[in-house]
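Engineer: Using this note's numbering, you'd call the opening residue of the sequence shown number 189 and step up by one each time.
Could you have a look at this structure, given as structure tokens, before my questions?
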Amino acid sequence: MDTSHSERQIRSWGRRLKRVTLAMLCLVPVAFFFALRWADLDTLLHLPESVRIDRHGLSAADWLVVASLSLIRPLAFVPILWWLYRLFASFETGVVFSVHNARLIKYCGLMLIGVDALAIVQGMLIGPVLSQAGVTTPFFSIEVALSYSIVGLFIYLVSMIMGLAQAIREEQDLTI
């Protein structure tokens, strides 16, 4: 297979994916604003079915508490998008297998595991904080979801394989 054609494809895909990632990174604050403004706060905060928040009865301080709590999960994806942007920028230069890229992929995987951990922390904080602020009746909730963790573990595994592949490649380059 023609190496220059492969390199052009990698660079082209890197450029395209970098643009998509940058657009997603820029849209996160916009999407969050629209979600806070028009979405159902109960869904945004992942509240239990029996707990409801009346958005019209919230004071400015209560609104700030609700907004802060609902920011926990979306903000966890911002570093992931940034690392993906840097990864695709590296692809755009033609570099695919490198220690730097393996590290970026590892960070993405670990952060996805962290998203599930943050979801558990968010679930534990929501009840006491909202009831203390007088927004809801007292409740305690723990949400355990492992979907992001499973994906994060696979991504972490891929980063380890990429790191090993790079080490083998460097070892072979030294032998030749």
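Ideal Cβ positions, reconstructed from N, Cα and C, are used throughout, including at glycine.
#1: Give me the Cα-Cα distance between L257 and T231, rounded to the nearest whole angstrom.
#2: Assuming L188 contacts Y273 (C-beta within less than 8 Å), just tell me the rounded distance between them.
#3: With H, G and I counted as helix, E and B as strand and the rest as coil, what does DSSP make of I301?
#4: Residues in the same chain with beta-carbon distance under 8 Å from F285, minus the five sequence neighbours each way, listed in chain order, please.
#5: Per the contact definition of three or more C-beta pairs closer than 8 Å, is the region 317-335 in contact with the region 238-255?
#6: Could you tell me the alpha carbon to alpha carbon distance between L275 and A219, rounded to whole angstroms?
#7: Contact check, A163 vs E331 under 8 Å by CB: the rounded distance?
#8: Would you say F279 and I198 are within 7 Å of each other, going by their C-beta atoms?
#9: Return the CA-CA distance between V346 and V208, expressed in angstroms with no decimal places.
#10: Compare the C-alpha of C296 against each of V283, P262, S329, G340 and name the closest.
#11: Given a cut-off of 7 Å on the beta-carbon distance, is the pair W271 and L300 in contact?
#12: Take S238 as the anchor and find which of G315, I343, T363, A333 has the nearest alpha-carbon.
#13: By Cβ distance below 7 Å, which residues in the same chain neighbour P236 in space, the five residues on each side in sequence not counted?
#14: State the start and end residues of the unbroken alpha helix (DSSP H) segment that holds T363.
#15: Quick one: measure Cβ to Cβ for L298 and Y336, integer angstroms, because I've assumed they're closer than 8 Å.
#16: So, under 8 Å CB-CB, V317 and R261 are touching, yes? Tell me the CB distance rounded to an integer number of Å.
#17: Taking R204 as the reference, which of H193, E195, A277 has the closest Cα?
Structural biologist: The short version:
#1: Indexing the sequence shown from 1 puts residue 257 at position 69. Indexing the sequence shown from 1 puts residue 231 at position 43. Their Cα atoms are separated by approximately 12 Å.
#2: This structure cannot speak to residue 188, because the chain is shown only from 189 to 364.
#3: The count along the sequence shown starts at 1 and reaches residue 301 at position 113. Three-state result, I301: helix.
#4: The sequence position of residue 285 within the sequence shown is 97, counting from 1. M350, A353, Q354, R357.
#5: Counting C-beta pairs closer than 8 Å gives three or more between the region 238-255 and the region 317-335, which meets the contact rule.
#6: Numbered from its first residue, the sequence shown carries residue 275 at position 87. Numbered from its first residue, the sequence shown carries residue 219 at position 31. Our two residues, L275 and A219, have alpha carbons roughly 24 Å apart in a direct line.
#7: Outside the modelled stretch of the chain, which goes from 189 to 364, sits residue 163, for which no answer is possible.
#8: Along the sequence shown, read from residue 1 onward, the residue named residue 279 stands at position 91. Along the sequence shown, read from residue 1 onward, the residue named residue 198 stands at position 10. I198 is positioned such that its CB atom lies closer than 7 Å to that of F279.
#9: For the purposes of this step, residue 346 is identified with residue 158 of the sequence shown, where counting begins at 1. For the purposes of this step, residue 208 is identified with residue 20 of the sequence shown, where counting begins at 1. V346 and V208 have their C-alpha atoms roughly 22 Å apart.
#10: For the purposes of this step, residue 296 is taken as the residue at position 108 of the sequence shown. That would be G340, whose Cα lies nearest to the Cα of C296.
#11: As a first step, residue 271 is located in the sequence shown; it is residue number 83 there, counting from the start. As a first step, residue 300 is located in the sequence shown; it is residue number 112 there, counting from the start. Taking 7 Å as the cut-off, the beta carbon of W271 is found no closer than this to the beta carbon of L300.
#12: On the sequence shown, position 50 is the one that residue 238 refers to. Checking every option, the nearest Cα to that of S238 belongs to G315.
#13: Walking along the sequence shown from the start, residue 236 turns up at place 48. Its chain contains F327, S329 as the residues whose beta carbon lies nearer than 7 Å to that of P236, once the 5 sequence neighbours on both sides are disregarded; these appear in chain order.
#14: Working through the sequence shown from its first residue, we reach residue 363 at position 175. From DSSP, the alpha helix (DSSP H) with T363 extends over 335-363.
#15: Counted from its first residue, the sequence shown places residue 298 at position 110. Counted from its first residue, the sequence shown places residue 336 at position 148. With a Cβ gap of about 11 Å, L298 and Y336 do not count as contacting.
#16: Stepping through the sequence shown from its first residue, residue 317 is reached at position 129. Stepping through the sequence shown from its first residue, residue 261 is reached at position 73. Rounded, the Cβ-Cβ distance is 15 Å, inconsistent with contact.
#17: Position 16 of the sequence shown, counted from the first residue, corresponds to residue 204. Nearest C-alpha to R204: A277.
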